[in-house]
Amino acid sequence: MLKLLKYALYDILKSRFALIYTFFLFLIAVSVYQISDDLGKVSLSLMNILIMIVPLIAAVFATTHFYNNLEFIELMLAQPVKRIQVFLSQLFAVILMLSLSILIGFGLPMLVWGADSGLLILLGVGVVLSAVFAGFAFLASVMTRDKAKAIGVSLALWIYFSLVYDGLVLYLIYSFADYPLEKPTLALVLLNPVDLGRILMLMQLDISALMGYTGAFFRQFFSSNTGWLIASSALLIWIVFPNWIALKVFGKRDF
Amino acid sequence: MKTQLCILISLIGMLSSNWLWAKEVVLNPKDPIQATIDRAKDGDTLVFLPGTYKLNSIVIRKPLTLIGKDYPVLDGDGKGNVLLIAATHVTIQGFKIRNTGKSNMDDSAAIKFFDSKNCIIQDNILSDTFFGLHFSNSSNLTIINNVIHAEAIREFEVGNGIHLWKCKNSFIGGNQVSGHRDGIYLEFVTETQVKDNLVQKNMRYGLHFMFAHDNSYIRNTFRNNGAGVAVMYTKNVLMQENRFEENWGSSAYGLLLKDIRDSKVVNNYFFKNTIGIYMEGSSRIEFENNDFRQNGWALKLMASCDQNTFLANNFIQNTFDMSSNGSVVLNKITQNYWDKYEGYDLDRDQIGDVPYRPINLYSVIVEKIPSAVILWRSFMVTLLDRMEKILPTLTPDQMIDESPKMKAYDLS
C-alpha cells in the first residue's frame, strides 16, 4: 500500500502540475496579503477564491490523474495486490497532493504575515473540499470509460454545487418566504459540501449578522458548538460517501 | 464692604459651628440602627463597623453621612427595601448591600431616594437586588463607582440597576452594572451626565432613556446587553466616545434611536453588534467620526428618518453596511469611509470619483426573508450583487455617498 502510494506520488510530482498549482495559490495569497491590510479582509478574499477554485482544480485534476494512470492501475491490478489498495493509493496520493498545495500555497504567506482562526479554518475547508471533489472525480472516472465524459461529469458536479444549487435554494426561499424556513434551508445547505465550507467560514466572518436571525433553531445552530459539530460531520460524510461508492464500483469493474 | 465681610465671617462661623456640632457615631451589627439614625443630629457621620446588618426599610429623613468601614454588609433578608431616603445632603459610601425583596409591587431597591437633593452614593457593592439604586423626584445626585450586579435569569424577575425617574442635574460615573433588566434607566431626567460606566450583560438595554432631554453620555462601555442603548422620545442628547460591543441577538442593537431629535452621536465605537445603529422616526441627528466594525448591519436607517447627517464615519468589515425599509431617502450621507468601496481616485484628492451605494441587493433580500442570510457570500449571491451594482433595480438609488473617502479615518 505504502509502496503504491509512493509511486503514485512520484508520478504526480513528475507531472509538474502540483508545482504550478501550488505556485498559483501562493501568488494569489501573496497578492491578497499585499492589497488588504487586515486579516478579516484577507480571509474574505481568500475564501472567495478558495470556494471557487479549489473544487474546480480538484475535480479536473483528479479525473485526468485517474485516466493518465489507467494503464498503471491496470498493470497493478494484474499483480497480487488488493483492488482496494490500488484504488486508495491513487486517491490518497491525489488528496495528499492537493492538500499540500493548499497548505503550502496559502499557508506560507500566513506564516509570514500572520493568521487568525478564520484563516486556519479556511485552510481546513480547502483541504476538505479538495478531498470531497477528488472523491466526486474518482466516482465519475470509475463510472465512465471515457476521459472526456468523466471530466464533463466532474465539471457538471462542480457547477451544480458551486452555482446552480445555491440558485435553487434561493429560488425556494423566495417562493416559500411566507413559511418558517430555517429548518428546511439548513437541511438543504447540509446537502451541499461547498455551502458547508462556506458556512463554517460565515460563522467566523459574519457571526454578528447570523446571530440576528429570528429563528431559535438558527440561533442555536450558530451560537454553540452544535453548528460546528453538525457541519463538520456532514462534511465528513461528504468525503466518505462518494469515495465509498467509487470504491465499490472500482472493486467490481471489469477493466 | 465691611458688612459683606461680616456676613462672610458669620457664615463661616455658622458653617464651622455646624461642623463642630456634627459628631461621629460608630455602629456595630448589634446596635438598633433605626433608633440611632433617629437620634442622630443633622450632619452627623455614622460609621458602620464590619459585620452583617440585617436591615429592612431603614428611613433617613435628615442630612447624614453613612460610611461603611471595610464594606459591612447590609442584608435585606429578601424583604422590601433596605434604605429609604428622603432628605438633602445624604452620603452613603462603602457598603455591601444585598438581598432586597423581589417585587414589582413596591419596586424593592437597595437604596431608594424620594424628593432628595445633593446626595452622594459612592463605592458601594450591590448584589442580588431587585432594583439597585432607585431615585425619584430628586436632583443634584452624584452616583459614582458603585458595583451593581444581579443574577436573574428572566427579564421580569429583576428591576433596573440604576433607576432615575424625574431627576435632574445629576452625575452617574464609573459604575459597573450587570445582570439587571436595564443597566441604567432614565425617565424624565434632564441635564444629567452619564460617564465612564461599564454596563454589561443586562437583559434588556444597557442604558435606557425616555423623555430625558439635554443629557450626555460619554465614554461608557455597553457590552453584551439585549441592546446597548435605547433612546426614545428625546431631544438634544450628546453621545460621545462610547463603546458598543457584542450586543447580539434577533432584536439586539448597539444603539436604538426612536423618535429622537437634534442630537449628536460622535466618536463612538460600534464593534460586533448584530445591528450597530437602528433608527426610526428620528431627525436632525449628526453622526460624526464613528467607527463601525464587524457588525452584522452597521446601520438600519428606516425611511421615517429625515435630515440626519452621516459625516466622516468608518465602515469596516461589516456584513452589511446599511439597510432600509423604503426607497425614500431624506438623509445626507457623505465623506464616509466604506471598506467595500471599489471606486478610483484619479485626481488624488483622497475622495473617490464615483459614488458609493451602501445598500446592496442582498441586504434588501435578507431584510425581507431573514433566513436567506444563510446563502450570503455564495457565488450565486455575489453574482446577483454585482449585477445590481451595475443596474440598480431593487435598491434605493438615492441612497448614495457622493464623496466616499479612499482611506479610513484614524479614530483611535
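In order, the protein sequences belong to chains A and B.
Going by the working numbering, the first residue of the first sequence is number -3, and it counts up by one from there.
Going by the working numbering, the first residue of the second sequence is number 6, and it counts up by one from there.
Note that the Cβ used here is the ideal one computed from N, Cα and C, for glycine as well.
Selection from the options that minimises the alpha carbon distance to residue i
i, options, result
"ASP43 (chain B)", "B:LYS59, B:THR57, B:PHE53, B:PRO68", "B:PRO68"
"PRO189 (chain A)", "A:LEU71, A:ALA230, A:VAL108", "A:ALA230"
"SER95 (chain A)", "A:MET72, A:GLY114, A:GLN81, A:ILE53", "A:ILE53"
"PHE275 (chain B)", "B:PHE297, B:LYS269, B:ILE290", "B:PHE297"
"PHE315 (chain B)", "B:GLN98, B:ASN33, B:ILE338", "B:ILE338"
"LEU187 (chain A)", "A:LEU201, A:ILE235, A:LYS143", "A:ILE235"
"ILE49 (chain A)", "A:VAL160, A:THR181, A:PHE129", "A:PHE129"
"VAL160 (chain A)", "A:TYR175, A:TRP109, A:VAL185", "A:VAL185"
"ALA317 (chain B)", "B:ASN295, B:LYS373, B:VAL236, B:GLY301", "B:ASN295"
"ALA257 (chain B)", "B:LEU304, B:GLY85, B:GLN403", "B:LEU304"
"GLU250 (chain B)", "B:ASN225, B:SER268, B:LYS171, B:ASP415", "B:ASN225"
"GLY99 (chain B)", "B:VAL78, B:VAL242, B:LYS373", "B:VAL78"
"VAL8 (chain A)", "A:ASN64, A:ALA55, A:LEU(-2), A:VAL26", "The displayed chain sequence assigns Ile, not Val, to residue 8 (chain A). Checked all of A:ASN64, A:ALA55, A:LEU(-2), A:VAL26; the closest Cα to ILE8 (chain A) is A:ASN64."
"THR239 (chain B)", "B:LEU261, B:ILE223, B:TYR222, B:MET215", "B:MET215"
"MET411 (chain B)", "B:GLY357, B:ARG382, B:ASN365", "B:GLY357"
Neighbour flag for residue i against chain B, beta carbons, 9 Å
i, result
"TYR170 (chain A)", "yes"
"LEU177 (chain A)", "yes"
"GLY103 (chain A)", "no"
"THR222 (chain A)", "no"
"VAL185 (chain A)", "yes"
"TYR3 (chain A)", "no"
"SER158 (chain A)", "yes"
"ARG249 (chain A)", "no"
"ARG194 (chain A)", "yes"
"LEU73 (chain A)", "no"
"ASN44 (chain A)", "yes"
"ALA173 (chain A)", "yes"
"MET197 (chain A)", "yes"
"LEU84 (chain A)", "no"
"PHE214 (chain A)", "yes"
"ALA205 (chain A)", "yes"
"ILE117 (chain A)", "no"
"LEU166 (chain A)", "yes"
Residue i at chain A interface by Cβ criterion, 9 Å
i, result
"PHE320 (chain B)", "no"
"SER417 (chain B)", "no"
"GLY301 (chain B)", "yes"
"MET404 (chain B)", "no"
"ILE459 (chain B)", "Lying outside 6 to 417, the shown extent of chain B, residue 459 (chain B) is not represented and no answer is given."
"LEU146 (chain B)", "no"
"PRO409 (chain B)", "no"
"ASP133 (chain B)", "no"
"SER383 (chain B)", "yes"
"THR57 (chain B)", "no"
"LYS206 (chain B)", "no"
"ASN278 (chain B)", "yes"
"TRP253 (chain B)", "yes"
"ASP219 (chain B)", "no"
Contact under 9 Å by Cβ, residue i with residue j
i, j, result
"ALA115 (chain B)", "GLY81 (chain B)", "yes"
"LYS200 (chain B)", "SER183 (chain B)", "no"
"ILE321 (chain B)", "ARG362 (chain B)", "no"
"PRO401 (chain B)", "SER329 (chain B)", "yes"
"SER39 (chain A)", "LEU118 (chain A)", "yes"
"GLU291 (chain B)", "MET307 (chain B)", "no"
"SER130 (chain B)", "ILE102 (chain B)", "It should be pointed out that residue 130 (chain B) corresponds to Ile in this sequence rather than to Ser. Result yes, Cβ atoms of ILE130 (chain B) and ILE102 (chain B) sit closer than 9 Å."
"GLY211 (chain B)", "ASN180 (chain B)", "no"
"LEU198 (chain A)", "TRP224 (chain A)", "no"
"VAL90 (chain A)", "ALA144 (chain A)", "no"
"ASP202 (chain A)", "GLY301 (chain B)", "yes"
"ASN145 (chain B)", "LEU191 (chain B)", "no"
"GLY106 (chain B)", "PHE140 (chain B)", "no"
"SER376 (chain B)", "GLU67 (chain A)", "no"
Neighbour flag for residue i against chain E, beta carbons, 9 Å
i, result
"ASN65 (chain A)", "Structure shown: chain E not included; protein chains present are A and B."
Is the stretch 271 to 288 of chain B touching the stretch 190 to 208 of chain A, taking contact as three or more C-beta pairs under 8 Å? yes
The stretch 87 to 98 of chain B touching the stretch 122 to 139 of chain B, judged by at least three CB pairs closer than 8 Å: yes
Could you tell me which uninterrupted alpha helix (DSSP H) segments, each at least 4 residues in length, are contained entirely in the stretch 307 to 373 of chain B, listed from first to last along the chain? 366 to 373
When you compare the stretch 240 to 250 of chain A with the stretch 135 to 150 of chain A, are there three or more beta-carbon pairs, one atom per stretch, that lie closer than 8 Å? yes
For the stretch 27 to 44 of chain A and the stretch 106 to 126 of chain A, state whether three or more C-beta atom pairs, one from each stretch, are separated by less than 8 Å. yes
Any 3 or more C-beta pairs closer than 8 Å across the stretch 55 to 75 of chain A and the stretch 96 to 107 of chain A: no
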